[in-house]
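Report on the following structure.
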Amino acid sequence: RSSDLPTLDVAAEQTTYVMQASEYVHGATCDDEGVDISADITISPDLSALGEGNHTITFACSDGPNTVDLTRTLIVDSTRPVIIDPGIEFDFARGQSQPVPDATCRDDHLAPGQTERLVSPNVTSIDTGRTGPTPVGYDCTDHTGNTRHAAFLATVGADRSEEHTSELQSRQ
153 RSSDLPTLDV
163 AAEQTTYVMQ
173 ASEYVHGATC
183 DDEGVDISAD
193 ITISPDLSAL
203 GEGNHTITFA
213 CSDGPNTVDL
223 TRTLIVDSTR
233 PVIIDPGIEF
243 DFARGQSQPV
253 PDATCRDDHL
263 APGQTERLVS
273 PNVTSIDTGR
283 TGPTPVGYDC
293 TDHTGNTRHA
303 AFLATVGADR
313 SEEHTSELQS
323 RQ
């Protein structure tokens, strides 16, 4: 082998998010003057030992006297995102169509300014054929595949014509 440094390439992004460190696909290769020595790549720390959090992963390749290394950041995220109650409250005549608001999905593992996004409900309108609470479901999946489902109650007000009739009857 020569005195030139081997060529180490890691295909993975500089920062990669995964649900479990063992799922990390890095695509590391190492070449020494046209000879594939990828089998000589060492990775530290041991990926199977990593828990949730940010980790610096070092890839090293040696052809004997010469060693080259590269680092990547691996973020292990097994925490499900949070769906924030959109505060659904309806007060309109029974039988009318009412759009359902989006909810906020928060993932605290993302960079500041990217932690929240809107998610649409599982329904596009509320059944207003009856008054009272109606469940509305929301699903949110984060960038690593962690999923959260949440259901909130939308409250549909009484039929205004019935309220008006009841109000008139109570005055008589």
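The opening residue of the sequence shown carries number 153 in our numbering; numbering runs sequentially from there. Using N, Cα and C, we set each Cβ at its ideal position, and we do this for glycine too. Since we're looking at a predicted model, the values are computed, not measured.
Segments of 3+ residues assigned as beta strand (DSSP E) that fall wholly inside the stretch 195 to 219: 205 to 214
Inter-residue Cα distance where the pair is V220 and G186: Here residue 220 corresponds to residue number 68 of the sequence shown, with the count starting at 1. Here residue 186 corresponds to residue number 34 of the sequence shown, with the count starting at 1. About 16 Å.
My output table needs one value for A173: the three-state DSSP class, helix, strand or coil. Looking up residue 173 in the sequence shown gives position 21. Reduced to three states, the DSSP call for A173 is helix.
Within 10 angstroms of its Cβ, does S318 collect 16 or more other Cβ (buried), or is it exposed? As a position in the sequence shown, residue 318 is number 166, starting the count at 1. Unreliable placement is indicated for S318, whose pLDDT of 33 sits below 50; no coordinate value is reported for it.
Does the count of Cβ pairs from the stretch 274 to 281 and the stretch 205 to 216 closer than 8 Å reach three? no
Mind checking T194: buried by the 16 CB within 10 Å criterion, or exposed? Taking the sequence shown and counting its residues from 1, the one referred to as residue 194 is at position 42. T194 should be labelled exposed.
Return the Cβ separation of I235 and C257 in integer angstroms, given the expectation that the two are a contact with Cβ distance under 8 Å. Sequence index remark: in the sequence shown, residue 235 carries index 83 (1-based). Sequence index remark: in the sequence shown, residue 257 carries index 105 (1-based). Yes, I235 and C257 are in contact; Cβ-Cβ is about 6 Å, under 8 Å.
Quick one: grab the DSSP three-state call for S190. Translated into the one-based positions of the sequence shown, residue 190 becomes position 38. Correct three-state label for S190: helix.
CB contact flag (H301, D294, <8 Å): For this step, residue 301 is matched to residue 149 along the sequence shown. For this step, residue 294 is matched to residue 142 along the sequence shown. Against a cut-off of 8 Å, the Cβ pair of D294 and H301 comes out as no contact.
Can you tell me which residues form a DSSP beta bridge with D161? Along the sequence shown, one-based indexing puts residue 161 at 9. In DSSP, D161 forms a bridge with T181.
My understanding is that D215 touches Y169, with C-beta atoms under 8 Å, so please give their C-beta distance in whole angstroms. In the sequence shown, residue 215 corresponds to position 63, counting from 1. In the sequence shown, residue 169 corresponds to position 17, counting from 1. With 8 Å as the limit, D215 and Y169 do not qualify as a contact, their Cβ atoms being about 32 Å apart.
Going by alpha carbons, who is nearest to L226 out of P253, G203, D259? Taking the first residue of the sequence shown as 1, we reach residue 226 at position 74. Closest by alpha carbon: G203.
Determine the burial state of L160: buried for a count of at least 16 other Cβ atoms within 10 Å of its Cβ, exposed for fewer. As a first step, residue 160 must be located in the sequence shown, where it is residue number 8. It counts as buried.
Separation of S190 from A180, as counted between CA atoms: The residue you call residue 180 lines up with position 28 of the sequence shown. The residue you call residue 190 lines up with position 38 of the sequence shown. Each residue's alpha carbon lies about 7 Å from the other.
With a 10 Å radius around its C-beta and 16 neighbouring C-beta atoms as the bar for buried, classify A303 as buried or exposed. Here residue 303 is taken as the residue at index 151 of the sequence shown, counted from 1. Label assigned to A303: exposed.
Own chain partners of D192 with C-beta closer than 7 Å, once the 5 adjacent residues on each side are dropped: Counting from one through the sequence shown, the residue named residue 192 turns up at place 40. Hits under 7 Å: C182, C213, S214.
Counting only the same chain and skipping the five closest in sequence on each side, list residues whose C-beta sits under 8 Å from that of S196. Numbered from its first residue, the sequence shown carries residue 196 at position 44. The answer, listed in chain order, is I209, T210, A212.
Simplified DSSP assignment, three categories, for T256: Here residue 256 refers to the residue found at position 104 of the sequence shown. T256: strand per DSSP, three-state reduction.
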